[in-house]
Structures are given as structure tokens and as C-alpha cells.
Amino acid sequence: MSPWQRLRTSVHLFLAGIRRRMTLGARVAVFDGDRVLLLRHTYIPGWHFPGGGVEPGETAAESGAREAVEETGIEPAGPVALFGLFHNVNEATVRDHVALFVCTQFRVARAFRPNHEIAAIGWFGPGELPADIDPGTARRVAEIVAGAAPAARW
2 MSPWQRLRTS VHLFLAGIRR RMTLGARVAV FDGDRVLLLR HTYIPGWHFP GGGVEPGETA
62 AESGAREAVE ETGIEPAGPV ALFGLFHNVN EATVRDHVAL FVCTQFRVAR AFRPNHEIAA
122 IGWFGPGELP ADIDPGTARR VAEIVAGAAP AARW
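So for the sequence shown, the working numbering puts the first residue at 2; every next one is plus one.
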């Protein structure tokens with residue numbers, strides 16, 4: 002991540018923290034058999050689940066589904082199941098929370114093309130996770146695959 006991208010992300014998170022008492026994001030772990038869909042942003046390092054902020058008027062599940070198709074072209078085709086609600090402490094705030102949903106039924110709504118926000122997407126098996134996967138994302142993949150209870154913190 003370039004210094005400019007890091008600054009932009011930090012400013013965005015700081016301003017979001019000022020405007021809201023608590024932030025809520027939704028992410029979706031899309032599985033095709035034992036492979037999980039991950040993406041790499043242009044503005045933060047590592048591989049992550051698709052997701053983003055919950056917008057006014059939408060549920061966390063709706064937000065996760067919307068973000069998945071916007072970011073990857075993959076659209077949940079059935080219900081998404083809530084896996085857990087996590088406290089996510091980051092550089093700019095200690096008030097961020099993430100709702101993680103699991104999706105096993107999906108359709109390809111459109112082909113993925115790299116853009117200003119998402120650099121790449123990929124499908125990864127449990128033993129093939131990228132070396133630079135976000136640590137919280139790696140923990141969630143391991144918990145989901147093992148059928149383990151989720152931790153409280155991202």
C-alpha cells in the first residue's frame with residue numbers, strides 16, 4: 002500500500018469514527034465447496050472477504066450481499082447465514098464491528114474486472130490461502146472450515 006493510500010484509508014476511518022458512535026460492516030465468506038472467495042483491495046494490504054459498511058435502510062445481510070456482488074461479481078443466490086459479530090479494532094477507531102455471513106449458494110452476476118477499489122479476486126482452498134491474507138480473515142476461514150465457534154474479536 003502506498004503512503005497516499007494508507008493516509009486516505011486512515012482519514013476515511015477517522016472521519017467515519019467522528020460521524021458515528023459505532024461503525025458496522027458486513028462481510029461474506031462465499032464458499033464453493035472447500036474453496037473460499039477472497040479479494041485484494043487497492044488501498045489496504047492483504048486478502049479479505051468481500052464486504053463493506055452497512056448503509057442506512059439495509060440489513061447487515063443485505064449489505065454483505067450487495068458488497069459481494071459490487072466488489073466481485075458473485076451474488077448470493079440463497080440465504081446467507083450469520084457466522085458471528087466481531088469487534089474490529091483498527092488504526093483509526095475502537096468502535097468498529099463486523100458481521101460475517103457465510104454463503105454457499107451463489108451465481109456469477111458478472112465477470113470481475115480490476116478497478117479503483119478491488120485489485121484482484123481469487124478462490125482459495127484451506128491449504129492454499131495466500132501468505133498475505135488478513136490475519137482476522139485467516140482466523141475466520143479456519144473457524145468456518147473446522148466448524149469451530151467464532152472468537153469475539155476480528
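Beta carbons are placed, not taken as given, at the ideal position from N, Cα and C, and that holds for glycine.
Keep in mind it's a predicted model, so treat the numbers as computed, not measured.
Determine the DSSP secondary structure at residue i, reduced to helix, strand or coil.
i	result
residue 30	strand
residue 101	strand
residue 13	helix
residue 130	coil
residue 137	helix
residue 145	helix
residue 65	helix
residue 56	coil
residue 90	coil
With distances taken between CB atoms, is the gap from residue i to residue j smaller than 8 angstroms?
i	j	result
residue 89	residue 155	yes
residue 78	residue 36	no
residue 24	residue 54	yes
residue 40	residue 72	yes
residue 42	residue 134	no
residue 84	residue 99	no
residue 76	residue 30	no
residue 127	residue 146	yes
Can you tell me whether residue i is buried or exposed? The criterion is at least 16 other CB atoms within 10 Å of its CB, across all chains shown.
i	result
residue 8	exposed
residue 141	buried
residue 27	buried
residue 148	exposed
residue 3	exposed
residue 33	exposed
residue 61	buried
residue 121	exposed
residue 203	Given a span of 2 to 155 for the chain in the structure shown, any question on residue 203 remains unanswerable.
residue 1	It is not possible to answer for residue 1, since the shown part of the chain is limited to 2 through 155.
Which residues in the same chain as residue i place their Cβ atom closer than 8 angstroms to its Cβ, once the five residues preceding and following it in sequence are excluded?
i	result
residue 138	39, 47, 48, 49, 50
residue 112	74
Sorted by chain position, which residues of the same chain lie with C-beta nearer than 6 angstroms to residue i's C-beta, five sequence neighbours on each side aside?
i	result
residue 144	151
residue 105	32
If you drop the 5 nearest sequence neighbours on each side, which residues of the same chain put their C-beta closer than 7 angstroms to that of residue i?
i	result
residue 10	44, 45
With a cut-off of 8 angstroms on the beta carbons, I'd call residue i and residue j a contact; round off their distance for me.
i	j	result
residue 52	residue 63	In fact, because the Cβ distance is near 12 angstroms, the residues do not count as touching under 8 angstroms.
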